[in-house]
Amino acid sequence: MIVTPGIIGRLMALGAFVAVAQIVCFSKMDVFGSDPDVALLVVISLGVLGGSLTGAVAGFSIGLLMDCLLLETLGGFALAMLTVGYVAGRYRETIGPPTRGATVLLGGALTLLGSGVIAAIQIGTGIDATVSFLVVRDAIVTSLIGAALAIPVLWIVRLVVRSALVDERRAARRRPIVTRGGADQAPPVQ
Amino acid sequence: MYRKQVRRRRAVLLLLVAASLTLLSLYYREGNGGPLHGVQDVVSTVFAPIESVADRALKPARDLVNWFHETFDARGENDRLHDQVAELRDQLARAQTTRQEAKEVAALDETLSGGIVPDGTDPVTARVIGRSPTVWYSSVTVDKGSSDGVHVDDPVVAALGLAGKVTQTTPNTAQVTLITDADSAVTARIVPSGATGVVEPDVGDPRDLQLDYLERGTEIAEGQMVVTAGFSTGDLGSIFPPGIPIGEITEATPEEQQAYQRVHLEPFADLRDMSFVKVLTVPSGKGKG
C-alpha cells in the first residue's frame, strides 16, 4: 500500500465510520441470534490489501476507538483487532492476495479468531463467566456471518483505498491503450 | 532492504502489543477518575453527537435486517404457537369433559336423592362406553358388569330420569336396554292424578313415549309428571322401584284418550347423550322389592 496523507485521511475516516457504525448499527442487528462484526472484517480487509503493518495499525486504531466509544477496558478490542489485522496481513505477505474462496475462509476463520481473542481478554480481565454453549454458538454464527460478508466488505474497502494499492497501479499500467485506428499500443516503459 | 522492513514491521507490532497491554494494565490500576478514563470520556463525548446522527441514519438498514430475522423468527414462533394452541385446546376439551361429567354425576345423584332408591339396593355408577349406532338408541353398554354386582333386570337410571334395565351382563360390562326399545314396557303413574298405565316407545320417534292403557275419563293435562308405578302383586312385580321420574306429558288429547286410552310423554333423561348412569343393583342374598 502506498501511504500518502490522502490515504491516511481516508483510512481514518473509514476507521471512524466503521467503529461508529459497528456500535450503533451492526451490533444491534439480529442475524440468526448473533450480529455481524463488520469492523473486524474491515480490519481483515485492510490487512489483506495493505499487509501486516497496515492491518495491525488499522486494527489497533479501530479497536482503541471502539474501546473508547463503548467505555470498555482500554486496549481490549485494540489488542484483539491488532492480532486479527496482523494475521490477515501476514497471510497476504506469505501466500499472496487471497482468491475468492480463500477470502471467504479467511473472513470466517479470522472472525472466529477475533471472537476468541476478545473472549480471552474479557475472561483474563476478570469477567467471571463460564464458556457456555451459547457463547460458542454465538462465536460460530458470527464467524459464519463473517465468511458470508468477507467478499462484499473486501470489495468496498478496496474501493476506498484503491488509489493506494500497488496491485491496482500495476494493473492500470498493464492495461492496453487503444488508439483511434484500433491498434493496441503498449504503455510506455517507466 | 527486506530485513529493514521486517525489523520495522516487528518493531511496530511489538510497540502496538505493548501499548495495548500497557493500556489494559493501567486502565485497571487507575480509578474512575484516572487520566485514561478521562481520555475515554472525552472521546466518547466528542463522538456522542456523531453516534446519535449515525444511529438515526443507519436505523433503516438495521430495521431491514432485523425485519428479515423477525420474519424468519415469526415463522418458527408461529409453528410453536400452533402446537401450543393444539395442546391447550386438548387440555380445555379434557377440562370441559371432566366438568360436564361431574355435572352429570351430580344430576344423577340428585335424581336418586329423593328417597326413591329402595332399601337394600346399592346404586353403582357406570360410564356409558358403547351405544347402539341406530337412530333408535335402544341399547347402550356400560363399563360395570357382573363382577360389580350388576344383574340382568337391574333398573338403570340416568341423570333426571329412568333410562332402562340391564338385559345382559359380562364380568366387566353390561348391556342396558333403554325405555325407548320396541320391547320395553314400564308400569307408570301420573302424578298427581294417580292414573296408571304402561310406558311404551313410540316406534319411529326416540324422543316420544306413549303412556297406554289409561283408564278412560281420567283428567290428564300436559306438563304432568310420569313416574314408575312399581307394582307388586304376589310373585309378580315390576322390576322398577316406584317413584323414579320417567318423563313429562307433552300431548294429552281427549280424542286419543277416549279412542286409544293413550297420552304422549317426553322422557326426562337425555337417552341419546348420556355419559353416566346408575345401576340399582341388589346385593346377593337380598330379594328384589
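Heads up: the protein sequence lines correspond to chains A and B, in order. Under this note's numbering, think of the first position of the first sequence as 296, with each following residue one higher. Under this note's numbering, think of the first position of the second sequence as 142, with each following residue one higher. Note that beta-carbon positions come from the ideal geometry of N, C-alpha and C, so glycine has one too. Quick caveat: nothing in here was measured; it's all calculated off a predicted structure.
In this structure, the beta-carbon distance from residue 262 of chain B to residue 421 of chain B falls below 7 angstroms.
For residue 402 of chain A, no CB of chain B lies under 7 angstroms from its own CB, so it is not counted at the interface with that chain.
Within the stretch 283–334 of chain B, the beta strand (DSSP E) runs of at least 3 residues that lie entirely inside it are, in chain order, 296–299, 302–310, 315–319, 327–332. Residue 315 of chain A and residue 384 of chain A have their C-alpha atoms spaced approximately 24 angstroms apart. By the criterion of a C-beta distance shorter than 7 angstroms, residue 268 of chain B is surrounded in its chain by 283, 284, 416, 417, once the five residues flanking it on both sides are discounted. In the displayed model, residue 418 of chain A falls within a helix according to three-state DSSP. Beta-bridge partners assigned by DSSP to residue 419 of chain B: B:266, B:298.
Neighbours of residue 281 of chain B in chain A, taken as residues whose beta carbon is under 7 angstroms from its own, are absent, since the nearest beta carbon is some 57 angstroms off. Separation of the CB atoms of residue 371 of chain A and residue 420 of chain A is rounded to 7 angstroms, and the pair is thereby assigned contact status at 8 angstroms. Residues of the stretch 173–184 of chain B with a Cβ closer than 9 angstroms to any Cβ of chain A, in chain order: 177, 178, 180, 181, 182, 183, 184. Proximity of chain B to residue 315 of chain A at the Cβ level (cut-off 7 angstroms) is accounted for by 188, 191, 192, 195, in chain order. Rounded to whole angstroms, residue 247 of chain B and residue 419 of chain B show a C-alpha spacing of 11 angstroms. Distance from the Cα of residue 379 of chain A is smallest, within the candidate group A:412, A:459, A:460, A:366, for A:412. Taking a cut-off of 8 angstroms for Cβ pairs, the stretch 309–318 of chain B and the stretch 284–298 of chain B touch, as three or more such pairs fall below it. Here residue 149 of chain B is exposed. Its C-beta has fewer than 16 other C-beta atoms within 10 Å. The alpha carbon of residue 342 of chain B has as its nearest neighbour, out of B:279, B:363, B:191, the alpha carbon of B:279.
Within chain B, the residues whose beta carbon sits less than 7 angstroms from that of residue 324 of chain A are 203, 206, 207, listed in sequence order. Under the DSSP assignment, residue 414 of chain B falls outside any alpha helix (DSSP H); it carries neither an H nor an E label. Taking a Cβ-Cβ cut-off of 7 angstroms, the neighbours of residue 150 of chain B in chain A comprise 347, 348, given in sequence order.
Chain-ordered listing is empty here: chain A has no CB closer than 7 angstroms to the CB of residue 155 of chain B, the nearest sitting near 10 angstroms. Residue pairing for residue 368 of chain A: DSSP places it in no beta bridge.
When rounded, the separation of the alpha-carbon atoms in residue 371 of chain B and residue 363 of chain B is 23 angstroms. In the structure shown, residue 196 of chain B adopts helical secondary structure according to DSSP, grouped into three states. Residues of the same chain with a CB within less than 8 angstroms of the CB of residue 302 of chain B, apart from the 5 flanking positions on each side, are 252, 385, 386, 387, 388, 408, 409, 410 in chain order. A Cβ-Cβ contact shorter than 7 angstroms links residue 330 of chain B with residue 337 of chain B. Proximity of the stretch 450–459 of chain A to the stretch 339–348 of chain A meets the contact definition, three or more beta-carbon pairs being nearer than 8 angstroms. Against residue 368 of chain A, the close residues of chain B are 164, 165, 168, 169, in the order they occur along the chain (beta-carbon pairs closer than 9 angstroms). Judged by beta-carbon spacing, residue 324 of chain B lies beyond the 7 angstroms limit of residue 403 of chain B, meaning their Cβ atoms are not closer than that value.
Legend: CB atoms of the stretch 372–388 of chain A lying less than 8 angstroms from CB atoms of chain B belong to residues 373, 374, 377, 381. Residue 415 of chain A and residue 361 of chain A have their C-alpha atoms roughly 17 angstroms apart. Of the other Cβ atoms in all chains shown, 16 or more fall within 10 Å of the Cβ of residue 350 of chain A; this residue is therefore buried.
By the C-beta density criterion, residue 445 of chain A is buried, having at least 16 other C-beta atoms within 10 angstroms. Residue 304 of chain A and residue 175 of chain B have their C-alpha atoms some 30 angstroms from each other. Cβ neighbours of residue 373 of chain A within its own chain (closer than 7 angstroms, five residues either side excluded): 355, 358, 359, 362. Shortest Cα-Cα distance from residue 449 of chain A to any of A:297, A:393, A:300 involves A:393.
Distances from the alpha-carbon of residue 309 of chain B to those of B:287, B:328, B:326, B:299 put B:287 closest.
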